[in-house]
Structure formats: structure tokens, C-alpha cells
Amino acid sequence: MGRGFLNMKVLVATDKPFAKVAIDGIRQELDGVDYELVLLERYTEKQQLLDAVANVDALIVRSDIVDEEVIKAGKNLKIVVRAGAGYDNIDLKAATEAGICVMNTPGQNANAVAELVFGMLIYGVRNFYNGTPGTELRGKKLGIHAYGNIGKNVARIAKGFQMPILAYDIYSRAEIINSDGIDPTISVKTLYRHSDIVTVHVPLTDKTRGLIGKILLSNMKSDAVLVNTARKEVINEQDLLDFMIAHPKFKYLTDIKPDMHDQFVEKVGSQYFTTPKKMGAQTSEANVNAGIAAAHQIVDYLRNGNHRYRVND
Ligand code: 3PG
271 MGRGFLNMKV
281 LVATDKPFAK
291 VAIDGIRQEL
301 DGVDYELVLL
311 ERYTEKQQLL
321 DAVANVDALI
331 VRSDIVDEEV
341 IKAGKNLKIV
351 VRAGAGYDNI
361 DLKAATEAGI
371 CVMNTPGQNA
381 NAVAELVFGM
391 LIYGVRNFYN
401 GTPGTELRGK
411 KLGIHAYGNI
421 GKNVARIAKG
431 FQMPILAYDI
441 YSRAEIINSD
451 GIDPTISVKT
461 LYRHSDIVTV
471 HVPLTDKTRG
481 LIGKILLSNM
491 KSDAVLVNTA
501 RKEVINEQDL
511 LDFMIAHPKF
521 KYLTDIKPDM
531 HDQFVEKVGS
541 QYFTTPKKMG
551 AQTSEANVNA
561 GIAAAHQIVD
571 YLRNGNHRYR
581 VND
């Protein structure tokens, strides 16, 4: 690609905006190569995104939905970067058909998400600070469901709490798990059966949609804690609600408000906590890491053809 594309326009479209310091960093990265930053923050209508994407060359988003309509509206789009880990919000097939490269920025917000797991956990095991005696994390067996960047960070922090750690990963990275001094489990059921706390870090795919339902839940201890900082869709909400009604000591702590939020509040309110908005990656540090990485990847792709973090065909 040689010196690649010059004078490109890069749209940052975020319903949940980055910290200012991250925008400053993105701007600096783009200024360095004479690329223009276009900002669309806190938009409320999809039409605003469709209008904004119409004449830009690159797009940076967070959990913003980039469906076929958005892809088609981006007539000049060459690359879309999801500043974060999960790219289930992007229609990869439509992007591929339109010749658009899609990337994510793996690992950049992993520590932020991992820290939130423990923030929610302490709040949960201390009975949401209601004044009654709760429990400690030390000595509680922690099951990490999926051992990617976030799972690894969770394990690192859990060691400080002196928690025995188990991990399961579908790609069975047993050697990696082992070399971190953690016990890999042979099956996901074993993980759920033996853990006092399970923390979920699977991506949303056709295979994981609704994965945590009756079968896995029935393996869990009746007073266990389930933490979800991944995606709401990986939980079968009706199954979870039924399980929690049947097991009044079981707790569910989530960073993604369930569709059945009102029923959870009404029926198992004292066992349930959700953040009002997804907060896992919402730190200045994670915004800076993911935002600047996204800008950097765009520049490197458009100028040098580097597609290292490409996730579509
Ligand atoms: C991710 O997939 O990177 C996290 O879920 C963070 O999502 P967010 O950028 O929308 O906060």
C-alpha cells in the first residue's frame, strides 16, 4: 500500500463517550498523519450515525450497533475498529461483502473489566452493604469461565485475595492456564460445580448465546455467586430467575442489565445487582488504551496495510 491513503476522515461514534483524555490521544494520533477526527457522541437516533458515517473513511465504535444499514451508509468506509474486545455489535458479513476491514483492540480494556469484577463481588458478598454479616473472598473458590485477556487479569487479582482459582476455556488452553498456576477444569460443568463464585468472560457467539441456563446452573452450589461482565445474551434469563427463586442464597451480579430486569428486582431483588449502564471498560485508562489503539490500528492499516487485529474475512 506504500504511503497508503492520505487525508482520511475518521469518525468516532460513541453512544457512551470516551473520557476526554482518550479523545485528546486519538486526535493526536490522527493529527500526526493529517487525518481528520469527526466526533459523534451521545447520539440518540440511528439516523445521526447513518448521516455521520456517510462521508468518512474509518469508524471507531464501542458497543454501538454497526449493522448492514450503517455499513451501506458508509460509502467510503475502509475500516471499522471496535475499541474494545467483543465485536458482536458489528455485522461482519456485511462488512466483508462491502470490502471493509473490521478489527477489535484485544486486551486494551481487560484490566478495567477485571477490576470491576472484584468491585461487584465485594459489594455482593457483603450483602450489598445492608449492615448484615457477609462473607470474605479469601479462600472462596473462583471459577473463571473463559481464560482470555480478561480472565487472565481476573486470575492475577484473585491471587491477591488468596482465592483458589479454577479456569475453563473452550479452546482448552490448559498449558497456559497451568503455567499461570491455575487449575484448568476438564469441562465447563466441572467449573460450575466446584466453584463458590463463577465469573463469565465468554464472547457472544452463536455457540454461547443462552449458554448459561438450566444445565450449567443446576451444577452450581445453592449459595454460589455468578458474575457477568460479558454479555447479557449468554445468560438464559428465565432459567436464571427460576434458579434464583429456588435458591434464595444464590446471587447474580451483572454489568449488563438483563432484559428481565424488572422481574429480577421484583422476585429476587435481594440476590441481584446490576450496574445501571455497562461500566466494565468505563475508566480513563481503558478509554485511552482502547481509543488510541483503535486510532493507531486505523492509521497503520490505511498507510501500511497492517491488518493484524482483523476479525472478519
Ligand atoms: C468490550 O467488549 O470491550 C466491553 O464489553 C466494553 O464495552 P464498551 O466499550 O461498550 O464499554
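Residue numbers 271 to 583, in this note's numbering, belong to the letters of the sequence shown in order.
Note that CB positions come from ideal geometry on N, CA and C, so glycine has one too.
(message) Using CA atoms only, rank isn't needed, just tell me which of Ala355, Gly354, Ile370, Tyr305 is closest to aspartate 337.
(response) Ile370
(request) Check each candidate in Ile420, Ile452, Ser457 and name the one with the smallest Cα separation from threonine 469. (result) Ile420
(request) Locate the alpha helix (DSSP H) running through threonine 469, then write down its first and last residues. (result) Careful: threonine 469 lies outside any alpha helix (DSSP H), inside the beta strand (DSSP E) at 467-470.
(request) Check whether the stretch 454-472 touches the stretch 436-445, counting contact only when three or more Cβ pairs, one atom from each stretch, lie closer than 8 angstroms. (result) yes
(request) Check whether the Cβ of serine 333 sits closer than 7 angstroms to any heavy atom of the ligand 3PG, and report yes or no. (result) Serine 333 Cβ: within cutoff of the ligand 3PG.
(request) Output the boundary residues of the beta strand (DSSP E) element that contains glycine 590. (result) This structure cannot speak to residue 590, because the chain is shown only from 271 to 583.
(message) Beta-carbon within less than 6 angstroms of isoleucine 452's beta-carbon, same chain only, minus the 5 sequence neighbours each way: which residues are those?
(response) Ala425, Ile435, Ala437
(request) Say yes only if the C-beta of asparagine 379 is nearer than 7 angstroms to one or more non-hydrogen atoms of the ligand 3PG, and no if none qualify. (result) yes
(request) Pull up the CB-CB distance for glutamate 503 and leucine 474, whole angstroms please, since I reckon it's below 8 angstroms. (result) 5 angstroms
(request) Measure how close the beta-carbons of alanine 353 and glycine 561 come, nearest whole angstrom, since I'm counting them as under 8 angstroms. (result) Going by Cβ atoms, the distance from alanine 353 to glycine 561 rounds to 5 angstroms, so yes, they are a contact pair.
(request) Mind listing, in chain order, the continuous beta strand (DSSP E) runs of no fewer than 3 residues lying wholly within the stretch 289-344? (result) Unbroken beta strand (DSSP E) runs of no fewer than 3 residues, entirely contained in the stretch 289-344, are found at 306-311, 328-331, following chain order.
(request) Report whether the distance from the Cβ of glutamine 508 to the nearest heavy atom of the ligand 3PG is below 7 angstroms. (result) Glutamine 508: no, Cβ never under 7 angstroms from the ligand 3PG.
(request) Measure the alpha-carbon distance for valine 584 versus methionine 514 and round it to whole angstroms. (result) No information on residue 584 is available, as it lies outside the stretch 271 to 583 that the chain covers here.
(request) Determine the DSSP secondary structure at glutamate 581, reduced to helix, strand or coil. (result) Reading off the sequence shown, one finds valine at residue 581, where the question assumed glutamate. Secondary structure at valine 581: coil, using DSSP grouped into helix, strand and coil.
(message) Once DSSP output is grouped into helix, strand and coil, what is the label at methionine 373?
(response) Three-state DSSP puts methionine 373 in a strand.
(request) List the endpoints of the continuous alpha helix (DSSP H) containing alanine 551. (result) Run containing alanine 551: none; DSSP gives neither H nor E here.
(request) Check whether the Cβ of glutamine 318 sits closer than 7 angstroms to any heavy atom of the ligand 3PG, and report yes or no. (result) no
(request) Can you have a look at leucine 276 and say buried or exposed, based on whether 16 or more other CB atoms are within 10 angstroms of its CB? (result) exposed
(request) Please confirm whether lysine 471 and alanine 416 have their CB atoms less than 8 angstroms apart. (result) Position check: residue 471 holds histidine in this sequence, whereas lysine was assumed. For histidine 471 and alanine 416, yes; Cβs fall inside 8 angstroms.
(request) Just confirm the distance between the C-beta atoms of leucine 347 and valine 323, as a whole number of angstroms; I'd bet it's less than 8 angstroms. (result) About 7 angstroms separates the CB atoms of leucine 347 and valine 323; that is less than 8 angstroms, so the two are in contact.
(message) Short of 7 angstroms in beta carbon distance, which residues of its chain neighbour tyrosine 571, apart from the five on each side in sequence? Order them along the chain.
(response) Ile349, Cys371, His577
(message) For a quick check, are the C-beta atoms of isoleucine 330 and valine 282 less than 8 angstroms apart?
(response) yes
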